[in-house]
Structures are given as structure tokens and as C-alpha cells.
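Beneath this line is the structure, given in C-alpha cells, with notes to follow.
Number of protein chains: 2
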Amino acid sequence: MTAAEREDRVLERIDKFRQRRPRLLDDVVTLAHGAGGKSSAALVDAVFLEAFRNDELEQLGDAAGLRTPSGERLAFSTDSFVVSPRRFPGGSIGHVAVHGTINDLAVSGARPQWLSAAFVIEEGFPIDELREIVADMSEAAAKAGVQIVTGDTKVVGKGAADGVYISTAGVGVVPEGRQLSAELVRPGDKVVVSGSIGEHGMAVMLARGDLAIDADIASDTAPVHELVELLLEAAPSTRWMRDATRGGVGTVCNELVKDRPFALVLDERSLPVQPQVLGACDMLGIDPLYVPNEGKFVAVVAPEEADAAVGALRTHPLGARATVVGDIIPEPNGIVALRTSFGGSRIVDMLVGDPLPRIC
Amino acid sequence: MTAAEREDRVLERIDKFRQRRPRLLDDVVTLAHGAGGKSSAALVDAVFLEAFRNDELEQLGDAAGLRTPSGERLAFSTDSFVVSPRRFPGGSIGHVAVHGTINDLAVSGARPQWLSAAFVIEEGFPIDELREIVADMSEAAAKAGVQIVTGDTKVVGKGAADGVYISTAGVGVVPEGRQLSAELVRPGDKVVVSGSIGEHGMAVMLARGDLAIDADIASDTAPVHELVELLLEAAPSTRWMRDATRGGVGTVCNELVKDRPFALVLDERSLPVQPQVLGACDMLGIDPLYVPNEGKFVAVVAPEEADAAVGALRTHPLGARATVVGDIIPEPNGIVALRTSFGGSRIVDMLVGDPLPRIC
């Protein structure tokens, strides 16, 4: 197929896309569409995937895998950050804007190298606060060994944004031979989380101050690329990884099993959750499985490498509470289940609705 | 210097940055800071450059030039798009979001390959309009031969954004041997624009409908990468290029001469401006030199290649009105001047203030 034929085919497809009605229940975008759960997936399916369709995008990983003309493998990823409040225990919008994109690259097997940063700033935003955020970004990038190499700023009128929104994109280099894919996952594999879950979401929720809960919870925002390198060295057969941001571990596990010939069973007693996070979740009626993290990932590893994987992660301060939390089992296909502490079990669906808007 | 030493130095620098007071007249961000002119440059200097300082960023080009471990040359760029209205004669926010980043890569000498797209969407935004914008992006990308390979969507509450903001980032491959830099520019060189100027800014201004001006002006939004390839083939000694978006040709020329040992003289009679654009600019009291374009660039070429450069550009429909518009002269250093139609001359400063907010 020539480039012209390929272009014609795309344009024909877009013509059809323009004429079709979307397969969505809603006519307008809702907060739930941004929550990373079921509605987000529906929006991405009906709007973005359909229009932008190409091989890279259909993998829907955290980052696109690219190959340059000379054959080098790259990963490329982007995220916008709209977290409110902009500063919370453990970090700021600047930290998550850097860590979020580093982590997307890392869990796709890449070594993060370069970031871009684009700012949409509301007129009247204090320069001093902007400098603080930018200092946080610079610090986070330096500590992670990545460079912020290009950027942009736009200003919108008062009331046309809430302070500042930051979009980062990142490029990483994927070492030859690395292969991570949901297609490599098979029954018998072990599910590992890299640490305790739910801290970022709860820290941001409590920092809003409209809940009468006083708990000592700090965001876990951190770059996980060093952890990923340790894991892949100790457990080279690792199948798949994903950082558990919006929608939490529960949603990430659902993304893994969707349309796949296996199920994933989580063991509630093994899930590392700080007691104060568990307490706050209980009071708010939120399941920690759905609370976003900014420095944790889920990995599926080969059973014979599970101990090595956990051992390697625990050598790093950010992986001190890494542990096996579940298993891949043959069926029922496409299901995530939780073995509860009481010996029962229940289905863990994707996140529905948005209990935690603007968390990242 | 080891990586740890480098990190220490950066952290030390950021510590100082946090303690210093910015060298800005304003305490808060103003619309002028987003206009691409003098205030934008001051903000970028005092906030972003100071904090993010590294070799790539200090070049302040349209894109960062990167080199992968295997030695491949890449360009990486990002822009946010907040244009209002989102649809105007000649295009939409979707078109400019794709063309803008393609063009930033192209004028840095890269062949654009991959784009990312991150959306910040206001709650309540119509899904149908989102689909239209996304279709425009997909179409623009397909026509330009680039792929949108990764993306993100965030939703903010009603009133926390004005509809939708789009941030794109792009990666291109720079062919070996290409070198474009303001440092290569020398007296005697010729200044070329790739076509008529001021259409995008005026089209968007008039589309707002709050001016009682009725003129047939369409945005020039278009990808210029094919033009750039034609130019570089015909004029391989080309020194430098920049797309003339925010701040227009006048600001771009000022960015070129700033702190350089030469001046740039534009010839008003040579500047291609459509009569209806000139008319609208006259009525609004805006100089077309400061009006943003989305499909035009300024190039500095070797004098002996100027005819070939213009001839090559004119073989392409988007370059039909390409022409030589000025000269690089030895002095006065750092100045842009305009030889007016009446035989006089005046200084062309950087854009001051923001006559055209949210134009891209």
C-alpha cells in the first residue's frame, strides 16, 4: 500500500466516523469520563480510538512503542495534570506532572530520557506559585535523571482555567530484547504490586479540606523507573506492567484481563494498604483498590521469578512493601475477583463514576 | 562529572532559584505573558529557563534536538492550544493542534513522525463537538503523514476550563548532516517568508464576531514540512527557520537577532499580505507583522541560494507566495528594521502586550 493509498483509507474512515453517531450513553462529557474507569474507556473507544486508529494506539498501553528509521526502539507518552489542590502532603502538581510521564514510560519498558512541559495558565496566577511548581518539576526531573528539554506556555483569561494545567510528554529508549505485553500473560503467573496503595488519592482528597478527616497521609508520588529496572533484571520474563494511577489497582487489573482468556484473582489480605489510608477509605466509603497512586505499579511476573521480583523490588526504598497480591487463573475469562479477608470472594469491576475528581 | 554530581549541581541551582525573587515587573501572570512577545520572553526567562536550564532548552528553538544512545538525531516539541473560538474559517483547534506541532518540528529540520495529544475537557462539553475536533486532528495528521500514537484525557468541572484545551507533543527524525542555527546567520544572507502573512490571527479575530468587520479571511493553518523539505533540497546552506505563530513575523525576526552581531531589515513592499488582511489590520490598528500565522515560516538563506529557495517553495501550493522579504545586515546589532513603502524606515520591536489573546 502506498502512502497515498494509506492516506485515502484514513480519510475515508474519518468521513465515516464523522457521519456515525457515537456509542455513548451521554451527549456531553461528564466528570466520570475523566476518572480513568468505565466511562473513560467508553469515551476513549467511541471518540479517540475510532478517529485516531492505528497500530500503536490500539495497544492502549501507557506509552506508544515506536521504531525509528535506523531501528532504535522508543517509547512516547503524554498526560495532562489538573490536580486540585495543586499542593498536598507529599508533593505538588509539578511532581506528579514529571513522575506521571516518567512512570508511563517506565512501565512500558523504556528508560525515560526527555520530557516536554506545556502550561495553560489562568490570568492572574501568582508568578511566585508558578516558580514553585516549576522548581518542583525541575527537582523531580533532576532526581530522576531525565531532562525537560522543550515547553510552551499559554495564558487564558480569568475564569477560563483553574490556576494552571500542565501537560507533559516523554520519550524514552527501550533496550533491545525487552518485551512486555498483556498477550504474554498466562494462567499461573503472579501479580505483584510495587508497594502500598491508595496514598496519592487519599492525600489529595484530604488536602481539599472539605472532609472532616484528619489523617497523616502523604502522596506516594515518585518515579518508578529504577524499580522497573531492578524488577526486569531480577525477573526477565516479566510479562506486563502498568502504573496504577487513575482508577487504581482495581481498574488497571481490569484493563489487563479485558477480552483476555484468563482471570485475575487478588488476595485482599496481601494487598499492602497503610492503616490510615484504610481508615480514611472506610470513612469515605471508597475502596482502596480504586484510589489513584502516583508511584506504584502492578506487574505480572512468571511464577518461577516471583520471589526474585519481589526481593529485587524490596532492595529499593520505593519498593519496600512490594509483594505478590494475586494470581492469573484460567477462568472466568476477563474477570477480576477479590478473595476477601473473610474467605469469600467478590468481583472487582472497573471504576464506575468518579468519586475522586481532579486527583491527578 | 558523574550523574550524582550533576544531580547535586542541579538541586543546588534549584535551591537558589527558589530563594531568588523573579526579575519580572508583574506579580501575576497576565494575558501578555501568553502572547508570544516581550512579556512571554520575560516569563520564560525568569521562570522556565532559570529552573529547567539545560543545553537543549537554552537554544530556545521550536523543538529540542536530541540524540539517542545509538546516535540517531531526533527533534521533540510541544504546544498547548486554547484558541477561541474553536472553529473559524479555514480550520479548528484540532487542525492547529496538529499543524502547530508538525511545524515546530519541521522548521527545526526534522521530519515529523509521531504526535501525542492530551485533552483537558470541561464537564458538559458536547461529545459531538469533541468528535468533530478529533476527526479534524485525525484528518490533519493523515494528510501530513504523521501518526497520533498516544494520548490522554482529563475532565475538569464546569467553569474550570473554556470547553477544551489540547496539548500536542511531537517527535521527528532529523536527517544526518542537517544543521540549522541562528549562529550560522551572517550579514548578506536573505530573509524569506513562505507565503502571505496574518491570515490565521485575523480569521480567528473576525470569527469572534464582536468586531463589526466582515471580511473574507481564512486561517492559513497547514503543515509546512513538505515546504521545508523542498527548501532544504534547493537551498542546502539554509541557516535558520522559524514558524511565525504567536507574535507573528515581527517577533520571530526579533528572536533571531536578539544578542546577535547583525541586524535584519524587512522590506515592507515585499511582504506578502492579502488585501483583506491588510484592510482588517488597518481597521483594528494592528500591524500584520505581529499577527500569528499557522502555516508560514521565516527562513534565512544563503544569498547565492535565495532564488533557488523561493523557486522551490513556489512549486508547492502552500508556498505560492513565497518571497524574499529582507536582508541580514552587519549592524545595528540585534535590531529588526522595516524599510517602509514610503522610503522611510522604522524599528520593529517584539510584540508588546497582547492585542490578540487566545489566538492559538
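Sequences listed follow chains V and C, in order. Be aware that the first sequence starts at 1, since it is given in the UniProt record's numbering, and climbs by one per residue. Be aware that the second sequence starts at 1, since it is given in the UniProt record's numbering, and climbs by one per residue. A virtual CB, placed ideally from N, CA and C, is assigned to each residue, including glycine. All of these numbers come straight from a predicted model, not from anything done at the bench.
Residue i versus residue j - alpha carbon distance
i, j, result
"residue 225/V", "residue 333/V", "31 Å"
"residue 72/V", "residue 16/V", "35 Å"
"residue 208/C", "residue 279/C", "17 Å"
"residue 125/V", "residue 160/C", "14 Å"
"residue 105/V", "residue 62/V", "7 Å"
"residue 321/V", "residue 266/V", "16 Å"
"residue 185/C", "residue 261/C", "10 Å"
"residue 343/C", "residue 268/C", "9 Å"
"residue 359/C", "residue 290/C", "12 Å"
"residue 219/C", "residue 90/C", "5 Å"
"residue 222/V", "residue 134/V", "16 Å"
"residue 214/V", "residue 18/C", "30 Å"
"residue 325/C", "residue 297/C", "12 Å"
"residue 426/C", "residue 70/V", "Nothing can be reported for residue 426/C: it is not among the residues displayed for chain C, which extend from 1 to 360."
"residue 138/C", "residue 12/V", "11 Å"
"residue 246/C", "residue 230/C", "25 Å"
"residue 165/V", "residue 304/C", "47 Å"
"residue 194/C", "residue 263/V", "58 Å"
"residue 170/V", "residue 175/C", "21 Å"
"residue 153/C", "residue 44/V", "8 Å"
"residue 301/C", "residue 178/C", "14 Å"
Any chain C beta carbon closer than 7 Å to residue i
i, result
"residue 294/V", "no"
"residue 150/V", "yes"
"residue 103/V", "no"
"residue 343/V", "no"
"residue 297/V", "no"
"residue 64/V", "yes"
"residue 17/V", "yes"
"residue 144/V", "no"
"residue 94/V", "no"
Limits of the beta strand (DSSP E) - the one that residue i falls within
i, result
"residue 241/V", "240–243"
"residue 263/C", "263–267"
"residue 447/C", "Any answer about residue 447/C is impossible in this case: the structure gives chain C only from 1 up to 360."
"residue 345/V", "345–347"
"residue 228/C", "Not the beta strand (DSSP E): residue 228/C falls in the alpha helix (DSSP H), residues 225–234."
"residue 189/V", "Run containing residue 189/V: none; DSSP gives neither H nor E here."
"residue 168/V", "164–173"
"residue 79/V", "73–81"
Limits of the unbroken alpha helix (DSSP H) element including residue i
i, result
"residue 26/C", "No alpha helix (DSSP H) holds residue 26/C; DSSP gives it neither H nor E."
"residue 279/C", "275–284"
"residue 306/C", "306–314"
"residue 105/C", "93–107"
"residue 115/V", "Note, residue 115/V: premise wrong, no alpha helix (DSSP H); beta strand (DSSP E) at 111–122."
"residue 153/C", "Careful: residue 153/C lies outside any alpha helix (DSSP H), inside the beta strand (DSSP E) at 147–156."
Chain V contact for residue i (CB, 7 Å cutoff)
i, result
"residue 108/C", "no"
"residue 273/C", "no"
"residue 162/C", "yes"
"residue 10/C", "yes"
"residue 175/C", "no"
"residue 233/C", "no"
"residue 355/C", "no"
"residue 194/C", "no"
"residue 302/C", "no"
"residue 7/C", "yes"
"residue 90/C", "no"
Contacts of residue i in chain V (Cβ-Cβ under 7 Å)
i, result
"residue 154/C", "34, 80 and 82"
"residue 169/C", "78, 116 and 169"
"residue 139/C", "11 and 14"
"residue 26/C", "127"
"residue 69/C", "173"
"residue 43/C", "153"
Contacts that residue i makes with chain C (C-beta to C-beta distance below 8 Å)
i, result
"residue 121/V", "29, 33 and 34"
"residue 40/V", "153"
"residue 290/V", "Within 8 Å Cβ-Cβ: nothing; residue 290/V doesn't reach chain C, min ~17 Å."
Neighbour list for residue i in chain V, Cβ cutoff strictly below 8 Å
i, result
"residue 47/C", "127, 130, 131 and 134"
Listed by chain order, chain C residues near residue i by CB distance under 7 Å
i, result
"residue 22/V", "127 and 131"
Under 9 Å from the C-beta of residue i: neighbouring residues of chain V
i, result
"residue 358/C", "154, 155, 156, 157 and 160"
Using 8 Å as the Cβ pair cut-off and three pairs as the minimum, do the region 25–37 of chain C and the region 228–247 of chain V touch?
No: fewer than three Cβ pairs fall under 8 Å.
Contact between the region 1–19 of chain C and the region 209–224 of chain V: three or more CB pairs below 8 Å?
Look at the beta carbons and you see the region 1–19 of chain C not touching the region 209–224 of chain V: under three pairs across the two are nearer than 8 Å.
Would you check if there are 3 or more beta carbon pairs closer than 8 Å linking the region 112–119 of chain V to the region 74–89 of chain C?
Segments in contact, yes.
Touch test, the region 348–358 of chain V against the region 244–254 of chain V, Cβ-Cβ under 8 Å, three pairs minimum:
They touch, by the three-pair rule.
Counting Cβ pairs closer than 8 Å, one from the region 141–161 of chain C and one from the region 45–53 of chain C, do we hit at least three?
No: fewer than three Cβ pairs fall under 8 Å.
Using 8 Å as the threshold, is the region 157–174 of chain V in touch with the region 187–202 of chain V, meaning 3 or more CB pairs across them?
The region 157–174 of chain V, when compared against the region 187–202 of chain V, does not touch it at the 8 Å Cβ threshold.
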